[in-house]
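Inspection log for the structure reproduced underneath, given as structure tokens.
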Amino acid sequence: MMERNGVLVQQKYMEYLGSTMGFIVSLYLAFIVDGILVSQLISPAAFAAINLTMPVYYARNILFFLFVDGGSVLAAQFIGARDRESCACVFTISIGWGAAAMTVLGILGCLLLSPAADLLAGDSSLQDEVAEYLLPLWLTGPLLIFTNGVSSFLRLEGLHKLAIAIPVAANICNLGFDYLFIAVFGWGIAGAGWATGAGYACSLLLLVPYLRRPDRNWHFSTDSAANNRIFRRVMAVGLPMAMIPLGLVLRNFAVNSIAVETLGDMGALTVSLCNAALLCALMFADGSSTAFASVCGALYGERDYVGVLLVLKRALRLTFGLCLLIFLLIFIYPAEFIRFYGVENITPEMILYLRVSIIYMLFLAHVFILRAFYQATHQEQAAAIFSLLEGVVLVICLFFLLSKVSLTLMWAAPALAAVLAAGWLVWYMRRKALQMGRDGFLLMQREEASAAWEASIPAAVEAAAQAARAVEEFCARHQYIDSRQSYAAQVTVEELCINIIEQGGLSAADHIDVFLHLQKEPVSQITVKVRDAGRQFNPLVFLAEQREEFSGLLMVSKLTTRINYDYARVLGFNTTIVTIGKRGQNEVQLPDL
């Protein structure tokens with residue numbers, strides 16, 4: 093019996109994961125690289141000063157995730173629903189409005205530079221170094237939106253090489269500028285901040301050829317009414333992810349204050365090391381969940397709920413494996429990790445605090461992937477509350493309470509907050525599911541259909557014929573589907589698959605996903621959807637060119653009075669939808685090309 097194997101959607105997730113991981117890692121890597129180079133080229137104290145500015149670094153990311161992450165997930169949903177006009181509005185809000193908001197934030201930050209530096213440095217002696225690094229950190233925010241923001245939308249267009257080339261180029265340039273500005277020009281800690289901005293500016297050059305393309309998918313919209321309407325949706329979808337940096341702002345400020353008040357400059361250094369370790373796993377969890385959110389949003393927009401669950405399982409396994417690997421490496425070799433940052437005076441307490449703090453890595457996969465899942469499946473409220481609890485309310489309260497008991501236990505606060513927040517989320521969603529008469533806590537709104545059949549077939553002509561026979565058997569079990577519709581569905585599936593095999597450049601190892609939905613009310617009809625990951629191939633154009641020749645799909649139009657074709661390129665997939673009605677329902681509608 094033919095079944096859905098999930099190979100196609102899981103391969104697409106892995107494809108998106110590569111470019112998304114490069115994009116997200118670039119957000120974190122610039123900060124990590126700055127810390128390493130500053131500690132080596134200047135001093136560990138300068139590295140501690142950079143860590144003290146992390147609340148500002150995460151404050152910038154609040155806007156970035158709110159506009160860009162929310163926009164890219166919403167755009168994926170609109171792509172799946174074939175709503176191109178709304179996609180243009182989302183792009184305008186994410187990039188245009190996001191850059192404007194980041195500019196305003198940067199100006200306010202510069203006006204409050206001195207008091208902010210005093211507040212962040214606390215009782216340490218690092219106020220001047222903190223102020224020097226804050227200035228470029230505030231002013232380079234709009235470049236972050238333009239480079240990494242546009243990259244996130246390029247991934248949705250399937251331009252993965254360009255999407256990953258931009259952040260990679262930015263980080264390579266950042267490395268070179270770090271050495272140039274610090275070691276050669278002698279700009280000190282400020283040079284590290286300006287190097288990051290210069291790296292972003294250089295990577296923008298890679299966008300020039302794309303912006304000159306007349307056929308590019310992403311354009312700015314001038315429809316102010318539609319933009320205002322979509323703005324609220326972008327904010328709602330982006331809010332759960334924006335809670336991540338918001339929680340990190342408050343978390344870092346609270347922990348920095350407690351550690352500096354207790355241990356002075358050594359406390360600031362210890363916090364810096366724990367944060368640096370967490371970033372090593374955080375960037376992978378963030379990258380994996382962002383890729384999942386884009387793929388999940390598009391599949392959910394297409395109502396491919398089986399595909400969503402298959403990708404969810406793959407994302408959880410992969411993300412947990414990456415975080416576990418980082419955890420084991422740092423837990424086993426803590427002293428080596430600390431020395432990597434130029435610290436020689438390593439104390440047992442420093443190692444203990446580091447090991448306790450990284451327990452949080454074991455829960456990152458479920459925290460990030462579940463948040464992304466609910467964000468992408470129209471459960472934004474649950475995702476936002478979960479983020480607020482896990483990243484802000486619980487973790488800050490636990491840090492404060494546990495610091496009164498033991499400084500060692502204090503570092504377990506993030507892990508404990510994750511467990512408690514996840515427990516609340518499962519309870520809340522199960523309760524909501526029971527109220528709606530459903531099982532489980534994933535709570536996806538399933539399409540109301542009388543019957544559905546899905547299968548994944550190898551890219552071979554023989555498999556296409558087998559799929560057609562399976563469609564015949566499936567339709568025979570439903571009496572409201574007449575023989576003409578059943579035969580039309582068989583021919584449609586077989587012909588579409590054969591055309592894909594012959595024109596799409598697929599190998600025998602590749603797969604094609606076939607979907608069949610039967611509808612009884614209000615009218616009897618069959619919806620056939622065929623998806624592949626071959627080279628771009630539009631069957632509507634092919635049919636128009638072959639109109640004078642014999643074609644199985646043209647024969648189908650003679651068997652039914654309604655057959656509509658819909659073609660789209662979603663997530664880099666070729667997706668064709670054919671709707672087959674009974675005679676007497678509507679007139680024949682052939683491709684209008």
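Take 93 as the starting number for the sequence shown in the numbering used here and just add one per residue.
The C-beta atom is built at its ideal place from N, Cα and C for all residues, glycine as well.
Inset, instruction - Work out the CA separation of Asn-97 and Met-194 for me, nearest whole Å. - result: As a first step, residue 194 is located in the sequence shown; it is residue number 102 there, counting from the start. As a first step, residue 97 is located in the sequence shown; it is residue number 5 there, counting from the start. Looking at the two C-alpha atoms, the distance is approximately 44 Å.
Inset, instruction - Given a cut-off of 9 Å, decide if Leu-331 and Ala-191 are closer than it, judged by their beta-carbon atoms. - result: Sequence index remark: in the sequence shown, residue 191 carries index 99 (1-based). Sequence index remark: in the sequence shown, residue 331 carries index 239 (1-based). Not in contact: Ala-191 and Leu-331 (Cβ atoms no closer than 9 Å).
Legend entry - Nearest to Tyr-150 (by Cα), restricted to the options Leu-361, Tyr-120, Cys-181: As a position in the sequence shown, residue 150 is number 58, starting the count at 1. Residue Tyr-120 is the option with its Cα nearest to Tyr-150.
Legend entry - First and last residue of the uninterrupted alpha helix (DSSP H) at Phe-491: By one-based count along the sequence shown, residue 491 stands at place 399. Segment 486-497, the alpha helix (DSSP H) holding Phe-491.
Inset, instruction - Ignore the nearest five residues each way along the sequence and tell me which others in Asn-320's own chain have a CB closer than 7 Å to its CB. - result: By 1-based counting over the sequence shown, the position of residue 320 is 228. Nothing listed; no residue qualifies.
Inset, instruction - Give a yes or no on whether the C-beta atoms belonging to Ile-116 and Asp-378 are separated by under 9 Å. - result: In the sequence shown, counting from the first residue as 1, residue 116 sits at position 24. In the sequence shown, counting from the first residue as 1, residue 378 sits at position 286. In this structure, Asp-378 lies closer than 9 Å to Ile-116 by Cβ.
Inset, instruction - With Gly-673 as the anchor, note down where its beta strand (DSSP E) starts and where it stops. - result: By 1-based counting over the sequence shown, the position of residue 673 is 581. Following the DSSP letters along the chain, one finds Gly-673 inside the beta strand (DSSP E) bounded by residues 665-673.
Inset, instruction - Go through its chain and collect everything with a Cβ distance to Trp-230's Cβ below 6 Å, but skip five positions before and after it. - result: Indexing the sequence shown from 1 puts residue 230 at position 138. Gly-198, Gly-201, Cys-202.
Legend entry - Euclidean distance between Cα positions of Glu-441 and Glu-177: Taking the first residue of the sequence shown as position 1, residue 441 is located at position 349. Taking the first residue of the sequence shown as position 1, residue 177 is located at position 85. It is roughly 57 Å from the alpha-carbon of Glu-441 to the alpha-carbon of Glu-177.
Legend entry - Rounded separation between Tyr-105 and Val-387 - CA only: In the sequence shown, residue 105 corresponds to position 13, counting from 1. In the sequence shown, residue 387 corresponds to position 295, counting from 1. Going by C-alpha positions, Tyr-105 is about 6 Å away from Val-387.
Legend entry - Length of the line joining the Cα atoms of Glu-353 and Thr-314: Translated into the one-based positions of the sequence shown, residue 353 becomes position 261. Translated into the one-based positions of the sequence shown, residue 314 becomes position 222. Each residue's Cα considered, the two are about 52 Å apart.
Inset, instruction - Pick helix, strand or coil for Glu-540, following the three-state DSSP scheme. - result: Working through the sequence shown from its first residue, we reach residue 540 at position 448. Summary for Glu-540: the model assigns pLDDT 48, below 50, so the residue's position carries little reliability, and this model does not support an answer.
Legend entry - Span separating the alpha-carbon of Gln-132 from that of Tyr-433: For the purposes of this step, residue 132 is identified with residue 40 of the sequence shown, where counting begins at 1. For the purposes of this step, residue 433 is identified with residue 341 of the sequence shown, where counting begins at 1. If I take the Cα positions, the gap works out to 7 Å.
Legend entry - Per-residue DSSP class, three states only, for Lys-524: If you number the sequence shown from 1, residue 524 lands on position 432. Look at Lys-524 here: in three-state DSSP terms it is helix.
Inset, instruction - Please determine if the region 486-496 and the region 422-437 are in contact, where contact requires at least 3 C-beta pairs separated by less than 8 Å. - result: Counting Cβ pairs under 8 Å, fewer than three are found: no touch.
Inset, instruction - Ignore the nearest five residues each way along the sequence and tell me which others in His-252's own chain have a CB closer than 6 Å to its CB. - result: Within the sequence shown, residue 252 is the residue found at index 160, counting from 1. Once the five neighbours on either side are set aside, the close Cβ partners of His-252 are Ser-111.
Legend entry - Stretch pair the region 290-310 + the region 228-243: three plus CB contacts closer than 8 Å: With the cut-off at 8 Å, the region 290-310 and the region 228-243 touch.
Inset, instruction - With a threshold of 16 other CB atoms inside 10 Å of the CB of Lys-674, please say whether the residue is buried or exposed. - result: Here residue 674 refers to the residue found at position 582 of the sequence shown. Flag for Lys-674 reads buried.
Inset, instruction - Note down the Cα distance separating Pro-147 from Leu-342, rounded to an integer number of angstroms. - result: Residue mapping note: residue 147 aligns to position 55 of the sequence shown, counting from 1. Residue mapping note: residue 342 aligns to position 250 of the sequence shown, counting from 1. The straight-line gap from Cα to Cα measures roughly 7 Å.
Inset, instruction - Name, in chain order, the residues that DSSP records as bridge partners for Val-622. - result: Here residue 622 corresponds to residue number 530 of the sequence shown, with the count starting at 1. Answer is Val-606, Thr-668, bridged to Val-622.
Inset, instruction - Return the chain-ordered list of same chain residues with a C-beta closer than 7 Å to the C-beta of Arg-308, the five sequence neighbours on each side being excluded. - result: In the sequence shown, counting from the first residue as 1, residue 308 sits at position 216. Around Arg-308: Tyr-302.
Inset, instruction - Since I believe Gly-393 is in contact with Phe-170 (beta carbons under 8 Å), could you give me their beta-carbon distance rounded to a whole number of angstroms? - result: Position 78 of the sequence shown, counted from the start, is the residue given in the question as residue 170. Position 301 of the sequence shown, counted from the start, is the residue given in the question as residue 393. The Cβ separation is near 7 Å, so the contact holds.
Legend entry - Sequence ranges, beta strand (DSSP E) only - wholly within the region 205-239, length at least 3: As far as the region 205-239 is concerned, it has no whole beta strand (DSSP E) run of at least 3 residues.
Inset, instruction - Use the C-beta contact count for Ile-281: other C-beta atoms within 10 angstroms, 16 or more gives buried, fewer gives exposed. - result: Working through the sequence shown from its first residue, we reach residue 281 at position 189. By the 10 Å Cβ count, Ile-281 comes out buried.
Legend entry - Test item: CB-CB of Gly-172 and Ala-328 under 9 Å: In the sequence shown, residue 172 corresponds to position 80, counting from 1. In the sequence shown, residue 328 corresponds to position 236, counting from 1. Taking a C-beta distance under 9 Å as the contact criterion, Gly-172 and Ala-328 do not qualify as a contact pair.
Inset, instruction - Report the residue from Ile-438, Leu-166, Met-375 whose alpha carbon sits nearest the alpha carbon of Thr-411. - result: Mapped onto the sequence shown, residue 411 falls at position 319. Distances from the CA of Thr-411 to each of Ile-438, Leu-166, Met-375 were compared; the closest alpha carbon is that of Met-375.
Legend entry - Inter-stretch contact at 8 Å, needing at least 3 Cβ pairs: the region 467-475 / the region 408-425: No: fewer than three Cβ pairs fall under 8 Å.
Inset, instruction - Give the secondary structure of Ile-549 by DSSP, where H, G and I count as helix, E and B as strand, and everything else as coil. - result: As a position in the sequence shown, residue 549 is number 457, starting the count at 1. Here DSSP, grouped into helix, strand and coil, assigns Ile-549 to strand.
Inset, instruction - Pull up the distance between the alpha-carbon of Ile-258 and that of Gln-617, whole angstroms please. - result: Translated into the one-based positions of the sequence shown, residue 258 becomes position 166. Translated into the one-based positions of the sequence shown, residue 617 becomes position 525. When rounded, the distance between both Cα atoms is 46 Å.
Inset, instruction - Please work out which residues of its chain come closer than 8 Å, Cβ to Cβ, to Ile-185, disregarding the five sequence neighbours upstream and downstream, and give them in chain order. - result: Counting from one through the sequence shown, the residue named residue 185 turns up at place 93. Around Ile-185: Phe-159, Gly-163, Asn-319, Ile-322, Phe-323, Val-326.
Legend entry - For Ser-575 and Leu-109, the rounded distance between their alpha carbons: Residue 109 sits at position 17 when you count from the first residue of the sequence shown. Residue 575 sits at position 483 when you count from the first residue of the sequence shown. Going by the C-alpha atoms only, they are around 44 Å apart.
Legend entry - Helix, strand or coil at Gln-611 [DSSP, three-state]: Start at 1 with the first residue of the sequence shown, and residue 611 comes out as number 519. For Gln-611, the secondary structure class from DSSP, reduced to helix, strand or coil, is strand.
Inset, instruction - Measure the alpha-carbon distance for Ala-468 versus Ser-316 and round it to whole angstroms. - result: Counting from 1 along the sequence shown, the entry for residue 468 is found at position 376. Counting from 1 along the sequence shown, the entry for residue 316 is found at position 224. A straight-line Cα-Cα distance of about 25 Å links Ala-468 and Ser-316.
Inset, instruction - Tell me where the alpha helix (DSSP H) around Tyr-302 begins and ends. - result: The count along the sequence shown starts at 1 and reaches residue 302 at position 210. Annotation for Tyr-302: the continuous alpha helix (DSSP H) segment containing it runs 300-303.
Inset, instruction - For Asn-153, I'd like the list of residues in its chain whose CB is within less than 6 Å of its CB, leaving aside the five on either flank, ordered along the chain. - result: On the sequence shown, residue 153 is found 61 positions in, with the first residue counted as 1. Only Pro-337 meet the Cβ criterion.
Inset, instruction - May I ask you to report which of helix, strand or coil DSSP gives Gln-91? - result: Residue 91 cannot be examined here, being either before or after the span of the chain that is shown, 93 to 685.
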